[in-house]
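Novice:
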Amino acid sequence: MCFTGSEFNERLPIDTIAASQSRPRVNPIYFRIEYDNDFDGSSDATYYYRDGIRQRVDWHPGNSSSIARRETFMHGVKWKEYIDSNRDGKFDLKLRYDAMEKEIGRTPYTP
Numbered sequence: 401m402c403f404t405g406s407e408f409n410e411r412l413p414i415d416t417i418a419a420s421q422s423r424p425r426v427n428p429i430y431f432r433i434e435y436d437n438d439f440d441g442s443s444d445a446t447y448y449y450r451d452g453i454r455q456r457v458d459w460h461p462g463n464s465s466s467i468a469r470r471e472t473f474m475h476g477v478k479w480k481e482y483i484d485s486n487r488d489g490k491f492d493l494k495l496r497y498d499a500m501e502k503e504i505g506r507t508p509y510t511p
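One point on numbering: in the working numbering, the residue at position 54 of the sequence shown is 454, and numbering is uninterrupted.
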């Protein structure tokens, strides 16, 4: 049997729903997925998830060892992005985003 959003919640007691939403998982599930975006046979991006919610994406074109771009997410929404514009292995630029993933800030990155 499969339930969608409101149907699922209607079948659970309110205290069960509240408890499941407020209590952190004891054993979170971490996994990653590698994508080949240009279909050349090597991974171009690695997506990291926690409990099914995207946490970070590392872009490394051609499966290179250095990361060209790193996107970080808060609650599954893009929050910050770090860019290595000259491909020297160090991030040069930091971008910040609002809740609608609109860019709100761009500054040189200093660790």
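The C-beta atom is built at its ideal place from N, Cα and C for all residues, glycine as well.
Would you kindly report the start and end of the unbroken beta strand (DSSP E) that includes residue 457?
Specialist: 453-459
Novice: Can the beta-carbon of residue 435 be found less than 8 angstroms from the beta-carbon of residue 447?
Specialist: yes
Novice: Quick one: what does DSSP say residue 476 is sitting in, helix, strand or coil?
Specialist: Of the three classes helix, strand and coil, the one that applies to residue 476 here is coil, per DSSP.
Novice: With a CB to CB cut of under 8 angstroms and the five nearest residues on each side skipped, what residues in its chain are close to residue 445?
Specialist: Shown here for residue 445: same chain residues with a beta carbon closer than 8 angstroms to its own, the five before and five after excluded, namely 434, 435, 437, 457, 458, 459 and 460 in chain order.
Novice: Under a three-way DSSP split, which group does residue 505 fall into?
Specialist: strand
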